[in-house]
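Final position of the sequence shown in the numbering used here is 350; the numbers increase by one with none missing. C-beta: ideal position from N, C-alpha, C; glycine also.
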Amino acid sequence: MPVVAGVDIGGTNTRVGILDPSGALFGPETFPTRGSDTVQTYVATLANAIEAAVHATHTGARLMGVGVAAPAGNCFNGTIQSPSNLSWGTVDIRSALAGSIGVPVTVANDAAAAALGEYWYGAGRAARHCVVLTLGTGMGAGFILDGKLLRGAHGLAGELGHVILERDGRLCGCGRRGCAETYASATGLCRTFEELLARRSDPCALRASQPSARDGRAICEAAREGDVLSREAFVITGRYLGWVLADLATVVDPDMIILSGGLMNAGQLVLAPALEWFREQVLPVRQGTVRIVQSHMVNGGAAIRGAASLAALQVGLPGYRLDDARFESEVAAGPVVRDAVTPGAPVQ
Ligand SMILES: [Zn+2]
């Protein structure tokens with residue numbers, strides 16, 4: 003049976019899912035992105051993980067293509083261009099992986115792939131103009147405007163995480179200061195929490211733990227138990243996020259903004275201050291015009307689905323179908339399709 007793979011290369015973990023002709027997605031298999039010494043070792047590990055995932059899917063499954071969603075992934079030239087959360091420099095992941103695994107490889111920015119996944123299969127099915135924010139190690143954004151993915155002139159559109167929120171602010175992985183992702187992301191939350199811990203003398207259960215143990219999950223648990231500094235870190239993070247959402251609504255005028263990524267595991271801890279600040283800051287004419295929702299696709303599911311679907315469309319996976327209006331807006335070549343995909347085993 004012909005299948006395609008969808009790969010989501012995250013700053014921390016890489017996830018591999020397998021899409022079959024019925025539209026069922028299997029997986030994901032996960033391994034640490036930073037576990038490899040060199041890019042060559044990483045590509046070899048990735049190729050092995052894809053092959054293992056294919057064999058675990060169906061007896062006789064045959065890999066036809068791979069879609070890769072990566073930070074700073076460039077859909078035009080197939081490279082990952084110096085992602086700020088990985089120390090790889092620019093890598094031609096399309097050629098390297100295709101050479102290793104022997105099938106065509108498609109590359110997309112991870113947030114763009116997540117936007118396509120949400121638009122084709124998730125909350126974005128109810129929108130024509132939607133923006134997907136991925137709030138994890140960094141902040142990514144994918145824009146679907148008038149049913150089309152915004153790519154930009156060079157395949158680099160959508161770097162909302164590097165909009166500068168604070169002049170001379172926090173040092174960002176991109177080398178500049180004050181970028182949105184240094185405040186409104188899981189990493190930003192940790193940095194805010196560490197600043198509060200250093201500046202204030204409030205009792206805090208996390209003060210005695212190692213800094214490396216004070217991650218987003220620990221801060222979230224402490225906040226749920228009523229820890230003052232942890233709750234305050236979420237309020238500050240949420241306000242920065244609300245500020246980003248207000249500017250986004252002002253510039254883009256979307257139907258819907260979909261929030262995803264690890265930071266969203268905190269739910270109302272971050273959403274309540276974000277929405278409060280959004281309402282406070284958004285241009286009055288935009289009040290009430292945009293739905294802000296949480297993604298219900300978890301663990302990189304949207305990016306894996308989006309990337310796998312791009313690969314399926316590129317290689318013309320037999321039997322594979324997407325909603326036609328959405329298909330036409332995305333890929334010029336490929337089968338004419340009429341039916342929506344029936345989702346199979348969900349990505350967990
Ligand atoms: Zn930056």
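Could you compute how far the alpha carbon of residue i sits from the alpha carbon of residue j?
{"i": "Thr-239", "j": "Ala-276", "result": "8 Å"}
{"i": "Pro-286", "j": "Leu-48", "result": "48 Å"}
{"i": "Ala-314", "j": "Leu-65", "result": "11 Å"}
{"i": "Val-68", "j": "Glu-120", "result": "19 Å"}
{"i": "Ala-248", "j": "Ala-305", "result": "24 Å"}
{"i": "Ala-200", "j": "Ala-186", "result": "20 Å"}
{"i": "Ile-11", "j": "Trp-279", "result": "32 Å"}
{"i": "Ala-309", "j": "Ser-89", "result": "23 Å"}
{"i": "Asp-326", "j": "Gly-154", "result": "Residue confidence is low: Asp-326 scores 42 on pLDDT, short of 50, so the model does not pin down where it sits. Its coordinate-derived value is still stated next. Cα to Cα, Asp-326 sits roughly 23 Å from Gly-154."}
Would you identify the three-state DSSP class for residue i, choosing helix, strand or coil?
{"i": "Ala-72", "result": "strand"}
{"i": "Ala-51", "result": "helix"}
{"i": "Val-18", "result": "strand"}
{"i": "Asp-148", "result": "coil"}
{"i": "Cys-174", "result": "coil"}
{"i": "Asn-79", "result": "coil"}
{"i": "Met-3", "result": "coil"}
{"i": "Pro-34", "result": "strand"}
{"i": "Leu-88", "result": "coil"}
{"i": "Gly-13", "result": "coil"}
{"i": "Ala-110", "result": "strand"}
{"i": "Gln-296", "result": "strand"}
{"i": "Arg-64", "result": "strand"}
{"i": "Cys-206", "result": "coil"}
{"i": "Arg-169", "result": "coil"}
{"i": "Arg-130", "result": "coil"}
Take the Cβ of residue i as the centre, count every other Cβ of all protein chains shown within 10 Å, and call the residue buried at 16 or more, exposed below.
{"i": "Gln-316", "result": "buried"}
{"i": "Leu-21", "result": "buried"}
{"i": "Gly-203", "result": "In the sequence as displayed, the identity of residue 203 is Ser instead of Gly. The residue is exposed, with fewer than 16 neighbouring Cβ atoms inside 10 Å."}
{"i": "Ala-128", "result": "exposed"}
{"i": "Ser-262", "result": "buried"}
{"i": "Leu-118", "result": "buried"}
{"i": "Thr-40", "result": "exposed"}
{"i": "Thr-228", "result": "It is Gly, not Thr, that sits at residue 228 in the sequence shown. That one is exposed."}
{"i": "Gly-126", "result": "buried"}
{"i": "Pro-320", "result": "exposed"}
{"i": "Gly-104", "result": "exposed"}
Give me the residue from the options with the minimum Cα distance to residue i.
{"i": "Val-165", "options": "Val-45, Phe-78, Ala-182, Ala-248", "result": "Ala-182"}
{"i": "Gly-138", "options": "Val-105, Ser-214, Cys-206, Arg-219", "result": "Arg-219"}
Measuring from the CB of residue i, is there a heavy atom of ligand 3 at a distance below 7 Å?
{"i": "His-156", "result": "Because ligand 3 does not appear in the structure shown, any question about it cannot be addressed here, the ligands present being ligand 1."}
Do the segment 179-192 and the segment 239-252 touch if we need at least three Cβ pairs shorter than 8 Å? Counting Cβ pairs under 8 Å, three or more are found: they touch.
Meets three-Cβ-pair contact criterion under 8 Å: the segment 27-34 and the segment 48-58: yes
Does the contact criterion of 3 or more C-beta pairs under 8 Å hold for the segment 101-113 versus the segment 135-155? yes
Three-pair Cβ contact test at 8 Å for the segment 291-304 versus the segment 257-273: yes
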